[in-house]
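A.B. asks: Sharing a structure below in structure tokens format, with a few things to ask.
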Amino acid sequence: MTVEVKVEETLVAEVGVAPQEEPMKPVIENEKVVEGDDKVKEVAESESKPRAVEKSSSYKEESNFLSDLKEFERKALSELKLKLEEAILGNNIFKKEEPMKNEEKDKKVAEEEEKKEEKKEEKEEKKEEKAEEVDEKKTEEGDEVPVAEEKEAAAQEGEEEKKPEEGCEEVDKDISLWGVPLFPGKGFEGTDVVLLKFLRAREFKVNESFEMLKKTLQWRKESKIDSIVDEDICADLSSAAYLNGVDREGHPVCYNIFGVFDNEELYQKTFGNEEKRGQFLRWRLQLMEKSIQKLDLRPGGASSLLQINDLKNSPGPVKKELRIATKQAVGLLQDNYPELVAKNIFINVPFWYYALNALLSPFLTQRTKSKFVVARPAKVTETLLKYIPAQEIPSQYGGFKRENDTEFSSEDCAVSELILRAGSTGTIQIDAAEADNTLVWDLAVLGWEVNYKEEFVPTDEGSYTIIVQKRKKIGSNNEGPIRNTFRSNEPGKVVLTIENTSSKKKRVLYRYKAKKCSTF
1 MTVEVKVEET LVAEVGVAPQ EEPMKPVIEN EKVVEGDDKV KEVAESESKP RAVEKSSSYK
61 EESNFLSDLK EFERKALSEL KLKLEEAILG NNIFKKEEPM KNEEKDKKVA EEEEKKEEKK
121 EEKEEKKEEK AEEVDEKKTE EGDEVPVAEE KEAAAQEGEE EKKPEEGCEE VDKDISLWGV
181 PLFPGKGFEG TDVVLLKFLR AREFKVNESF EMLKKTLQWR KESKIDSIVD EDICADLSSA
241 AYLNGVDREG HPVCYNIFGV FDNEELYQKT FGNEEKRGQF LRWRLQLMEK SIQKLDLRPG
301 GASSLLQIND LKNSPGPVKK ELRIATKQAV GLLQDNYPEL VAKNIFINVP FWYYALNALL
361 SPFLTQRTKS KFVVARPAKV TETLLKYIPA QEIPSQYGGF KRENDTEFSS EDCAVSELIL
421 RAGSTGTIQI DAAEADNTLV WDLAVLGWEV NYKEEFVPTD EGSYTIIVQK RKKIGSNNEG
481 PIRNTFRSNE PGKVVLTIEN TSSKKKRVLY RYKAKKCSTF
């Protein structure tokens with residue numbers, strides 16, 4: 001089956017899949033492109049031809065391969081690994097336990113002395129019992145106790161009296177972070193990836209990176225973070241943040257939906273007091289740990305997340321409790337999860353966001369702030385498309401991904417794009433060469449403001465054209481794509497007509513699929 005695209009009924013271009021290209025120069029903000037394997041058609045007055053697919057090189061993660069590192073970066077990594085190995089072998093990673101106060105110390109000494117006395121009494125009783133058994137045995141058998149038996153008794157007594165030498169500590173070479181062994185001597189390929197995150201967070205200053213790593217490990221130990229994924233925390237917040245799909249580079253995408261806290265009951269249940277805010281923070285850390293489990297912490301792997309923060313209907317900074325909790329969460333994530341977020345995209349941003357950003361900005365590093373992307377409501381879909389394929393963007397944000405979708409999967413259909421000039425009309429023709437086919441299609445227009453209709457045109461000129469969807473006007477406030485189906489009883493084609501009634505160019509995204517009716 002083929003698809004034809006017509007614009008102003010004078011230009012026809014057959015749509016084909018554009019080959020995936022290597023990363024190119026950064027994408028300019030007002031450039032109209034589709035990335036990945038999507039197909040692109042731009043219509044000018046004199047021609048219609050495919051345009052090259054471009055990716056933003058500024059978004060691509062820095063390489064974790066040793067061969068790609070600069071000389072000073074390799075040197076810093078070597079120095080950090082040496083410091084880390086020495087600290088592990090010297091048991092200097094974690095803080096030593098603080099000396100006990102005199103009262104506690106005296107109490108503990110007294111308890112130990114009491115235990116020693118009890119053991120001594122038990123030992124004496126055992127000796128007496130043993131002596132009686134030996135005497136009975138001598139009396140009955142007339143022989144001495146076998147030498148081996150005496151040696152065994154003496155060995156047992158020696159074991160009981162033997163004490164571990166003071167100051168002797170066992171070296172723990174199994175220290176790990178995010179499931180990656182940290183001891184350089186183990187030669188695990190993910191160790192360099194993890195250490196480079198701390199180095200980049202501290203601009204390759206070895207001592208500062210090492211201290212940051214130690215503080216993170218100490219914090220995780222004290223806060224019991226390694227077991228946090230198994231805890232049952234804040235079940236009511238499942239809709240407030242969740243993982244959904246991957247971006248163009250394979251990064252898992254995490255959506256944070258602040259609008260759920262507009263519900264006063266849920267807000268008070270989450271932020272009502274300090275204890276509840278503490279549970280909220282622990283829930284957020286749990287989500288981060290679950291997200292990390294989706295990463296590939298090896299050279300060349302997708303080792304960071306894409307965060308989408310939806311501020312639609314969010315209570316905003318007027319809510320003191322939310323402001324405090326947000327500030328605490330930002331601090332914990334920045335201090336203990338360095339370089340684990342590739343981009344932080346804020347969508348449906350209201351005006352108050354800029355005040356909140358000014359409040360939090362002093363607590364963020366310049367590197368962290370450089371990863372922020374902000375999109376007003378009218379630019380949500382356009383912004384997300386720069387980083388996420390249309391088939392991976394949820395339908396509520398203008399993409400084609402639906403929950404429990406039985407028609408399409410993210411793998412089986414490429415997404416195509418048609419760009420319409422202001423005032424022009426474009427048609428997408430989906431061929432149904434055989435009868436008894438069911439055609440399914442998705443279509444979305446960025447910013448809409450178009451007139452739209454759907455028809456089935458039979459191949460047989462004696463048959464009638466069937467109106468699938470009457471012409472209708474779709475305003476700029478329309479959210480989500482159009483999905484429709486049509487069962488053809490004869491060969492023909494479905495024609496989708498889009499009239500751009502605005503004064504701006506429009507991007508039309510679409511995909512289609514055909515199935516034999518018997519398979520439905």
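At position 57 of the sequence shown the residue is numbered 57 (full-length UniProt numbering), and the sequence of numbers has no breaks. Glycine included, each C-beta is placed from N, C-alpha and C at the ideal position.
Buried or exposed: which applies to G399, given that a residue is buried once 16 or more other Cβ atoms fall within 10 Å of its Cβ?
C.D. replies: G399 comes out buried.
A.B. asks: Going by DSSP in three states, K470 sits in which element: helix, strand or coil?
C.D. replies: Note: K470 maps to strand in three-state DSSP.
A.B. asks: Given P315, which residues of its chain have a CB within under 8 Å of its CB, disregarding the five upstream and five downstream residues?
C.D. replies: Result list for P315: F258, F261, D262, Y267 and L322, in chain order.
A.B. asks: Cβ of F372 within 9 Å of Cβ of I393?
C.D. replies: Going by C-beta atoms, F372 is not nearer than 9 Å to I393.
A.B. asks: Taking the C-alpha atoms as reference points, what is the distance between D405 and G423?
C.D. replies: C-alpha separation (whole angstroms): 34 Å.
A.B. asks: Just the C-alpha distance for W441 and C517, rounded to the nearest angstrom, thanks.
C.D. replies: So the alpha carbons of these two residues sit roughly 15 Å apart.
A.B. asks: Secondary structure at V445, three-state DSSP: helix, strand or coil?
C.D. replies: Reduced to three states, the DSSP call for V445 is strand.
A.B. asks: In this structure, how does DSSP classify I88 when only helix, strand and coil are distinguished?
C.D. replies: DSSP places I88 in helix when its eight states are reduced to three.
A.B. asks: Between V494, F210 and V330, which lies nearest to D431 when the distance is taken from Cα to Cα?
C.D. replies: Here the closest residue by C-alpha is V494.
A.B. asks: Where does residue 530 land, buried or exposed, given buried means 16+ other C-beta within 10 angstroms?
C.D. replies: Because the chain here runs from 1 to 520, residue 530 falls outside it and cannot be looked at.
A.B. asks: Specify the secondary structure class of F65 as computed by DSSP and reduced to three states.
C.D. replies: Here F65 sits in coil by DSSP.
A.B. asks: Taking its Cβ as the centre, do 16 or more other Cβ atoms sit within 10 Å of Q366, making it buried, or is it exposed?
C.D. replies: So Q366 counts as exposed.
A.B. asks: Along the chain, where does the beta strand (DSSP E) containing D335 start, and where does it finish?
C.D. replies: Where D335 is concerned, there is no enclosing beta strand (DSSP E), although the alpha helix (DSSP H) it sits in stretches over K320 to N336.
A.B. asks: Counting C-beta neighbours from all protein chains within 10 Å, is the total for V40 16 or more, i.e. buried, or is it exposed?
C.D. replies: Since pLDDT at V40 reaches only 38, below the 50 mark, its modelled position is unreliable, and the value read off the structure follows with that caveat. Buried, by the Cβ-count rule.
A.B. asks: Assess contact between the region 453–470 and the region 483–491, defined as three or more Cβ pairs (one per stretch) separated by less than 8 Å. Is contact present?
C.D. replies: At 8 Å Cβ cutoff, the stretches touch.
A.B. asks: Let me check understanding here. Comparing Cα to Cα, which of N451, W219 and P481 lies closest to I498?
C.D. replies: Ranking the options by Cα distance to I498, first place goes to N451.
A.B. asks: Give the DSSP-derived three-state secondary structure of Q293 in the structure shown.
C.D. replies: Reduced to three states, the DSSP call for Q293 is coil.
A.B. asks: Distance check for I482 and R507, CA to CA, integer angstroms please.
C.D. replies: The straight-line gap from Cα to Cα measures roughly 14 Å.
A.B. asks: Tell me the residue span of the alpha helix (DSSP H) that contains V206.
C.D. replies: V206 -> alpha helix (DSSP H) spans V206 to S223.
A.B. asks: Between the Cα of E411 and the Cα atoms of T425, Q391 and K215, which residue gives the shortest distance?
C.D. replies: That would be Q391, whose Cα lies nearest to the Cα of E411.
A.B. asks: Can you give me the Cβ contacts of L360 inside the same chain, cut-off strictly under 7 Å, excluding the 5 residues immediately before and after it?
C.D. replies: Only K327 and V330 meet the Cβ criterion.
A.B. asks: Under a three-way DSSP split, which group does P26 fall into?
C.D. replies: Note on P26: pLDDT 30, under 50, position unreliable in the model; the coordinate value appears next. DSSP places P26 in coil when its eight states are reduced to three.
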